[in-house]
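Enquirer:
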Amino acid sequence: MMAGADNTDLRNDVRKLADLLGQTLARQEGEELLSLVESVRLSVREGQQDEILNKLTDSQTISLVRAFSNFFNLANVAEQVNRSKDIAAEHKSEGSWLGKAIENIAKAQQDGKDFSTKDLQNWLDNFSVRPVFTAHPTEAARRSVLSKMTTIAQLLEQPESQIKNDRLAEAIDLLWQTDELRLGRPDPLDEAVNSIYYLDELLLETVPEVLAEFVNEIKKLGINLSLTARPLRFGTWIGGDRDGNPNITAAVTKSAILLQNAHFTRTMFSHLDELRQALSISTKLAGVSKELEKSVEKDLENLPEVEARYRRINVEEPYRLKATAIRHKLSLTQSRHAAGLPHFPGRDYKDTADLLKDFEVMRSSLLSNNGELIANGLLDRIMRSINAFGLTHATMDIREHSEVHHKLLNQVLGGSSAEILTKQLLEKSTPVLKDLDSPSDNCFKTFEAINDLIDRFGPEVIESYIISMTKSANDVMAAVVIAKIAGLISLQGSDSFAKIGFIPLLETVAELRSADKILDELLSDKNYRKIVELRGGIQEVMLGYSDSNKDAGITTSQWEIHKAQRKLRDVAMKHSVKLRLFHGRGGSVGRGGGPTYDALIALPWGSIDGQIKMTEQGEVISDKFGLPALAKENLELTLAAALEATVLNRKPRQSSNDLNTWNECMDLISESAYSSYRALVDQEELPAYFYASTPVEQLGNMFLGSRPSRRPDASAGLESLRAIPWVFGWTQSRQIVPGWYGVGSGLKAAREAGRSDLLQTLLKEWHFFRTFISNVEMTLAKTDLVIAQRYVTTLVDPSLHKIFDQIKVEFDLTVKELLLMTNKSEILGNQPILARTLQVRDTYLAPIQLLQISLLKRVRTQKQADPLLARALLLTINGVAAGLRNTG
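Numbering (our numbering), first residue to last: 844 to 1731.
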């Protein structure tokens, strides 16, 4: 929530939208509802809300919750628009993220940093940042609601006029008449459509601009980025994340890819129409290459679909004819894939490289005939954007649980020991697969689908297979052997190939601590090492933030992930392999979220060696990419941070002595925080307390995603509960345990061990520690134990209240220790505008949360929940999510 110096514009926009919402309420529901909203708001401010809230009818409750929820939706839009204005102002006065990163690199070069322009060229030619969109169910708002908020944002950016106000009123009326709740659980293709919406918008407007700026900025370093370089790419898990989701089948994976291709094609039509309009270059006035002439002639011969009118009016405009031919070939490519037909050379495109060849023909002709500015302008932007997205819009990752592979191989090979796997990997023949159980059959069909999709779309459609809950090298090798049986891998002499790479996903603290052993064992296996070489010498490892947090608490999770990156970096260097780390960060701090720039700069030296992937999940996607200005800002700052880390963070930033001292202090903090956290979660009564004091059981009824909230081995306890509902529940009840619990105990242990001065040093000089504390402070500010106590008093058996008392003691300790260390008088003491914003939000959040408590109590007493009450309860969950700007 960035804000201008006095926040006047934001306050004015919020006030305008609130007034318009009030008019909508009066117009749609009557003046009584507007009066009720105002009465409740004032009573909350005076602490006398209970009397009013207790007298509400069910119908009034629903209307009241919807009113406050829509206020938050509108306030969020106003904040986003205000943020985009602030960004524009900051860029004008201070320069962009990329500009500042380039200045830092140039300064380091001048100061004698030991890298040359040749080094820079090499790093940038191989530089790659890849946001990966996932369907994790943390976006509580429907697409229908989000699209209307986008319309409202666009209107807010327009100059003041009566027409603007009328259209805002119209949009808010539509918002009020749109149901916030989904009718049913979305299937995976519904989820794909939601994420593809953002990819469409990024390809249409944002990415061409971002890449053009990136190319121009690095020219200041003497670097010309080749057109084959891919500094920015996009990935997706939607349709490919099978772990614990029986709805993701091989057929769904194929359908998702077809859907992505259709959207890429449709969005590219807009670029091609712009290109056709722009490239009115006449052969009477400018020369063209023989290659372009022959290419157009061949296209017109192969494509009778090109209209006679274009053949006639563009006869002296070969670039227009070429762009028209590309449009037709793209359309035919989509139709071919939809019908499952083979590639027809000359009529459609085999893969992205084939598409780019046609653009290169135009570009070469322009460069040879006084068209440099055009070739390096519009055409360059389109070609780089195609490189970023590819024919399938995003590269899909496939993910599956390690146990599934072992169960499959037990049925096929009679076991999955290292000896059995090695023998099968080197066998020329493949075993016959028959009588597989359903999960194993579905798993193998997915490998076959990967092979089919790569053959149809090219190597970039699916590049990686992620093995979740990887506990050993053998877990990775099991997936490798299944890939071999499916024809994706062969290690037979000169005919060797590896169509996909394999990614161990390290999720729990035990796995993170074994990260170096797992990777070293893998890379020491000559057969696996050959696969890595066949994949360009790059080994990707994914780090899971959510499960490690649920397992060990935020302090130990963050610290073990940091140490694991160091160990993985060292093992990769030992084996002369390039490491690409994939950060599985969620939206909330408890799931690894937080400011992206700070997070990347805080990573260990050498861990971003020009390559990084990170998940973009849930409500974070709409927050980061919902408005073009914010999408551009977020992509730029990610590129800038990754570039700066690649070039300037290649060696230790501290002496080994300092680092050892810091490590010892952090180990002490982590050990104490871990003990405190486990003392909470290991209590037998905690599951009962958690389910009673939070609305987590209602998560399944919100139909947020296709993935079940529990793992397949679900039990009544917390072990099988996924990290997302774990964070969701604590967040809704404002306890937000995953975001801070144990930090106070850790800091206290360090202080009592005489490390107070050292803590000050860590805060000042260590990026990792400063970022960690900053994220914890934000979570503490969102935690509200006064409201939380209402949940506990009303909903939890008195015998379990001691757990809340324990949470409160740790919260008070964490606040105390953090303020001691930072020399502040209050949380967010150095960010008064942000603190004030959160206070204002709490005024509007309180009635929603108090109603949620009341509704939870009533619903839980009913054998069959009253549909009206259930609806009201789900609306409160949406409202709290909007008010806090995140679910889980």
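Ideal Cβ positions, reconstructed from N, Cα and C, are used throughout, including at glycine.
For A1181, count the other beta carbons within 10 Å of its own beta carbon; 16 or more makes it buried, fewer makes it exposed. Which is it?
Expert: Answer is exposed; the Cβ neighbour count stays below 16.
Enquirer: When we look at the beta-carbon of R1152 and count the other beta-carbons within 10 Å, is it buried (16 or more) or exposed?
Expert: Flag for R1152 reads exposed.
Enquirer: With distances taken from CA atoms, which of T1273, I1169, R1206, M1205 is nearest P1188?
Expert: The residue with the shortest Cα to Cα distance from P1188 is I1169.
Enquirer: Just to confirm my understanding: we take I905, look at its own chain, exclude 5 residues before and 5 after, and list those with CB closer than 6 Å. What are they?
Expert: These residues qualify, in order along the chain: A1715.
Enquirer: Apart from the five residues on each side of it in sequence, which residues of its chain come closer than 6 Å, Cβ to Cβ, to M1509?
Expert: Correct list, in chain order: W1402.
Enquirer: If the criterion is Cβ atoms closer than 8 Å, does the pair S912 and I1444 meet it?
Expert: Result no, Cβ atoms of S912 and I1444 do not sit closer than 8 Å.
Enquirer: Is L1547 buried or exposed, if buried means 16 or more other CB atoms sit within 10 Å of its CB?
Expert: A caution first: L1547 carries a pLDDT of 47, below 50, which makes its placement in the model unreliable, though a value can still be read off. Buried: at least 16 other Cβ atoms inside 10 Å.
Enquirer: Count the other CB atoms, across all protein chains shown, that sit within 10 Å of the CB of Q1541; report buried if there are 16 or more and exposed otherwise.
Expert: Classification of Q1541: buried, given that the 10 Å Cβ count is 16 or more.
Enquirer: On a Cα-Cα basis, can you pick out the residue from F1232, S1499, K1062, M1416 that is closest to N1104?
Expert: Out of F1232, S1499, K1062, M1416, F1232 has the C-alpha closest to the C-alpha of N1104.
Enquirer: Residues in the same chain with beta-carbon distance under 7 Å from A994, minus the five sequence neighbours each way, listed in chain order, please.
Expert: At residue 994 the sequence reads Thr, which differs from the Ala that was named. Here the set comprises A1014.
Enquirer: Does the beta-carbon distance from A1093 to N1212 come in below 8 Å?
Expert: No, they are not a contact pair.
Enquirer: What distance in whole Å lies between the Cβ atoms of A1531 and L1628, which are believed to be in contact at a cut-off of 8 Å?
Expert: Actually they are not in contact, since the Cβ atoms of L1628 and A1531 sit about 20 Å apart, beyond 8 Å.
Enquirer: Between the segment 965–981 and the segment 1079–1090, do at least 3 Cβ pairs fall closer than 8 Å?
Expert: The segment 965–981, when compared against the segment 1079–1090, does touch it at the 8 Å Cβ threshold.
Enquirer: Sort D1363, L899, A1316, I1374 by Cα distance to I1732 and report the nearest one.
Expert: The shown model of the chain, from 844 to 1731, leaves out residue 1732, and the question about it has no answer.
Enquirer: Kindly list the residues whose CB is nearer than 7 Å to the CB of R1372, restricted to its own chain and excluding five residues on each side of it in sequence; keep chain order.
Expert: Here the set comprises L1366.
Enquirer: Could you tell me the distance, in whole angstroms, from the CA atom of L1694 to the CA atom of E881?
Expert: Taking the straight line joining both Cα atoms gives about 16 Å.
Enquirer: Could you tell me the boundaries of the alpha helix (DSSP H) in which L1388 lies?
Expert: Contrary to the premise, residue 1388 reads as Tyr rather than Leu in this sequence. Start and end: 1388–1395.
Enquirer: Per DSSP, which residues does K1406 bridge with? Please list them.
Expert: Note: K1406 sits in no beta bridge, so no partner.
Enquirer: Measuring only the C-alpha atoms, how far is A983 from A1724?
Expert: Below a pLDDT of 50, predicted positions are generally treated as unreliable, and A983, at 48, falls in that range; no measurement from the model is reported.
Enquirer: Taking the continuous beta strand (DSSP E) assigned at T993, which residues delimit it?
Expert: Segment 986–999 is the alpha helix (DSSP H) holding T993; no beta strand (DSSP E) there.
Enquirer: Please state if the CB of A1353 and the CB of N1317 are separated by a distance shorter than 8 Å.
Expert: No. Outside cutoff.
Enquirer: Give me whichever residues DSSP pairs with L1349 in a beta bridge.
Expert: According to DSSP, which records beta bridges pairwise, L1349 is partnered with L1386.
Enquirer: Please list, in chain order, all residues of the same chain as K1700 whose beta carbon is under 7 Å from its beta carbon, the five residues on each side excluded.
Expert: Here the set comprises T1637, L1638.
Enquirer: In the structure shown, what three-state DSSP assignment does Q1460 receive?
Expert: It is a strand residue.
Enquirer: On a Cα-Cα basis, can you pick out the residue from H1106, V887, T1238 that is closest to S1178?
Expert: Cα-wise, what sits closest to S1178 is H1106.
Enquirer: Just verifying my parser: in three-state terms, what is the DSSP assignment at T871?
Expert: Just to set this straight, residue 871 is Gln in the shown sequence, not Thr. Helix, per DSSP.
Enquirer: Can you tell me where the beta strand (DSSP E) with L1045 in it begins and where it stops?
Expert: No beta strand (DSSP E) contains L1045, which DSSP labels as neither H nor E.
Enquirer: E1060 to T1481, Cα distance in whole Å?
Expert: Computed Cα separation, rounded: 15 Å.
Enquirer: Based on the DSSP output, what are the partners of T977 in its beta bridges?
Expert: T977 is bridged to Q1460.
Enquirer: For I1361 and A1624, I'd like the C-alpha separation in whole angstroms.
Expert: If I take the Cα positions, the gap works out to 39 Å.
Enquirer: Note down, one range per segment and in chain order, each alpha helix (DSSP H) of at least 4 residues found wholly within the segment 1294–1374.
Expert: Listed in chain order, they are 1316–1328, 1352–1356, 1358–1367.
Enquirer: I'd like the span of the alpha helix (DSSP H) that includes I1567, first residue to last.
Expert: That run of the alpha helix (DSSP H) goes 1566–1575.
Enquirer: Does the segment 1582–1602 come within contact of the segment 1647–1664, defined as at least 3 CB pairs closer than 8 Å?
Expert: The segment 1582–1602 is in contact with the segment 1647–1664.
Enquirer: DSSP state of H1418, grouped into three classes?
Expert: Three-state DSSP puts H1418 in coil, outside helix and strand.
Enquirer: Taking the beta carbon of I1006 as the centre, do at least 16 other beta carbons fall within 10 Å, making it buried, or is it exposed?
Expert: Burial call: exposed.
Enquirer: Could you say which of L1135, M1312, D1280, L1118 lies nearest to L1222 if we only look at CA atoms?
Expert: Considering only alpha carbons, the answer is L1118.
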